[in-house]
Amino acid sequence: MNLLNVLIEAAEKHPEKAALIAKDRVSSYTQLLHSGRMRGEFLRKKGIRESDAVLVLIPMSIELYEVLIGLWHIGAGPVFFDPSAGNEFIEKCCNMMKPKAMIGIRKAMLLSWFSDAIAAIPLRLSVSAVKTNNISTVQSSVALEGDFPGLVTFTSGSTGMPKGVVRTHEFLQAQYTVLSRTMHYQADDVELGTLPIFALSNLAAGISTVIPNADLKQVGAINADKVISQIRTHGINRLTASPALLDCIAKKCIEKNIKLEGIKQIHTGGGPVFPSLMYRLAKVMPEAALTAVYGSSEAEPIAELKWESLTAADFDTMATGGGLPAGWRLKPYSV
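Per the working numbering, the sequence shown starts with residue 33, numbered consecutively.
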């Protein structure tokens, strides 16, 4: 089992369809898969082998998914953490995983000047240095056991000890099964997405994902005009994003008296979803079905809440300090 097989099937069904769209680049399913495998072969030549842990410090981008595909292709394990958590956090994460290599954007490469743990990683590569040319042959993708780590992500634990969350290839495929029921994918969907895991499910479903022209580290302070322009330019009909980013878009639309009537689906989560946000979204995107998705690092999604299902009693409960509803628990699934 290798999660890459799901993406290979999607590429066979939709070879020329746009898989990922960024501000200055479009990658079809065929191009994404080919570039990813070529990056994997480059990493293999650099000595990365099956089961090696590889630290990935790349923001959401086409390059990120190419590197993920490359690592899965050769059977390596991608590791993620937030380097802004500080040197002590980085030290603990690296001690736990002992990465064989690091691949990052240029800014991330500077961490080796300040972190002994990063400097000790044997192979450190800028993503721009992971070339896809001069590769003459592409081997078959490595077959992996279902319990092989597909992604390892670290969050800062309340005790100060980083908490590593392992998503196996089997888990990620099962997660896609659940998300398919929640997301209601349609063949002609074009989604603006800011949640990397959800974008992986989009790729498995064969739909197009547009990566916002925005700094996703500061989603509450984005240039909403640029994102609204993307929505219109690419015919986006669904949004999956954090509440903070959606609130920026909704407020800008209200300010400029804009209605985005082509949006049919909105899914939001990863932070508190307040009624005020849903009111604003309903005002500027009147055709959209609004869904709040609740989850955690270990299991996402756990529950979903349809905006139209809330009653007057629910709003009274929220207004009097009863908290925010999380929705109905999703039904169990089997792999």
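Ideal placement from N, C-alpha and C gives every residue a C-beta, glycine not left out.
{"query": "From which residue to which residue does the alpha helix (DSSP H) around Glu44 run?", "result": "Leu36 to Lys45"}
{"query": "How would you call Ser240, buried or exposed, if buried means at least 16 neighbouring beta carbons within 10 angstroms?", "result": "buried"}
{"query": "Taking the straight line between their C-alpha atoms, what separation do you get for Phe347 and Leu277?", "result": "23 Å"}
{"query": "As an exercise, report each continuous alpha helix (DSSP H) stretch of at least 4 residues that is fully enclosed by the region 78-154, in chain order.", "result": "94-106, 119-129, 138-141 and 148-151"}
{"query": "How long is the line joining the alpha carbons of Ile94 and Phe306, rounded to whole angstroms?", "result": "31 Å"}
{"query": "The alpha helix (DSSP H) that contains Pro228, what's its start and end?", "result": "Pro228 to Ala237"}
{"query": "Taking all protein chains shown into account, decide if Tyr365 is buried (16 or more other Cβ within 10 angstroms of its Cβ) or exposed.", "result": "Interpretation of Tyr365 is limited by its pLDDT of 46, a score under 50 that renders its predicted location unreliable; the figure taken from the coordinates is listed afterwards. Flag for Tyr365 reads exposed."}
{"query": "Looking at the strands, I want to know which residues DSSP matches up with Ile53.", "result": "Val58 and Val242"}
{"query": "Taking 8 Å as the CB-CB limit, is Gln250 close to chain B?", "result": "Considering every chain present, this structure includes no chain B. It has just one protein chain."}
{"query": "Whose C-alpha, out of Val58, Gly301, Ile106 and Leu143, is nearest the C-alpha of Leu75?", "result": "Ile106"}
{"query": "Could you check whether Gly136 and Ser158 sit closer than 8 Å to each other, using their CB atoms as the reference points?", "result": "yes"}
{"query": "Please identify the residue among Ala314, Ser116, Asn119 and Val111 whose C-alpha is closest to the C-alpha of Met129.", "result": "Val111"}
{"query": "Apply the 10 Å Cβ neighbour rule to Glu287 and answer buried if 16 or more other Cβ atoms are within range, or exposed otherwise.", "result": "exposed"}
{"query": "What is the residue span of the beta strand (DSSP E) that Glu223 lies within?", "result": "Val222 to Gly225"}
{"query": "Could you give the distance in angstroms between the alpha-carbon of Ala206 and the alpha-carbon of Ile298?", "result": "22 Å"}
{"query": "Any contact of the region 47-60 with the region 233-247, i.e. 3+ C-beta pairs under 8 Å?", "result": "yes"}
{"query": "Out of Ser274, Pro244 and Ile254, state which residue places its alpha-carbon closest to the alpha-carbon of Ile268.", "result": "Pro244"}
{"query": "Would you report the Cα separation of Thr214 and Trp145, rounded to the nearest angstrom?", "result": "44 Å"}
{"query": "What is the rounded straight-line gap between the Cα of Ala236 and the Cα of Gly252?", "result": "29 Å"}
{"query": "So, helix, strand or coil for Thr187, using DSSP?", "result": "strand"}
{"query": "In whole angstroms, what is the alpha-carbon distance linking Val367 and Phe203?", "result": "Only weak support is given to the placement of Val367: the predicted model assigns it a pLDDT of 41, under 50, and the question is left unresolved by the model."}
{"query": "Is Ala276 near the ligand FAD, judged by its Cβ being under 7 Å from some heavy atom?", "result": "What this structure holds is no ligand at all, so the ligand FAD is not there to describe."}
{"query": "With three or more beta-carbon pairs closer than 8 Å as the criterion, would you say the region 39-51 touches the region 60-73?", "result": "yes"}
{"query": "Identify every residue that forms a DSSP beta bridge with Ser158.", "result": "Gly136"}
{"query": "For Tyr217, does the three-state DSSP call read helix, strand or coil?", "result": "coil"}
{"query": "Keeping to the same chain, check which residues put their C-beta closer than 6 Å to that of Gly354; ignore five residues upstream and five downstream.", "result": "none"}
{"query": "What are the residues that DSSP puts in a beta bridge with Trp339?", "result": "In DSSP, Trp339 forms no bridge with anything."}
{"query": "So Leu309 packs on Ala282, CB below 8 Å; how close in whole Å?", "result": "7 Å"}
{"query": "Using 8 Å as the threshold, is the C-beta distance between Pro91 and Leu337 below it?", "result": "no"}
{"query": "Would the beta-carbon of Gly102 fall within 8 Å of that of Gly72?", "result": "yes"}
{"query": "Which residue or residues does DSSP assign as beta-bridge partners of Ile286?", "result": "DSSP, once it has assigned bridges, lists no residue as partnering Ile286."}
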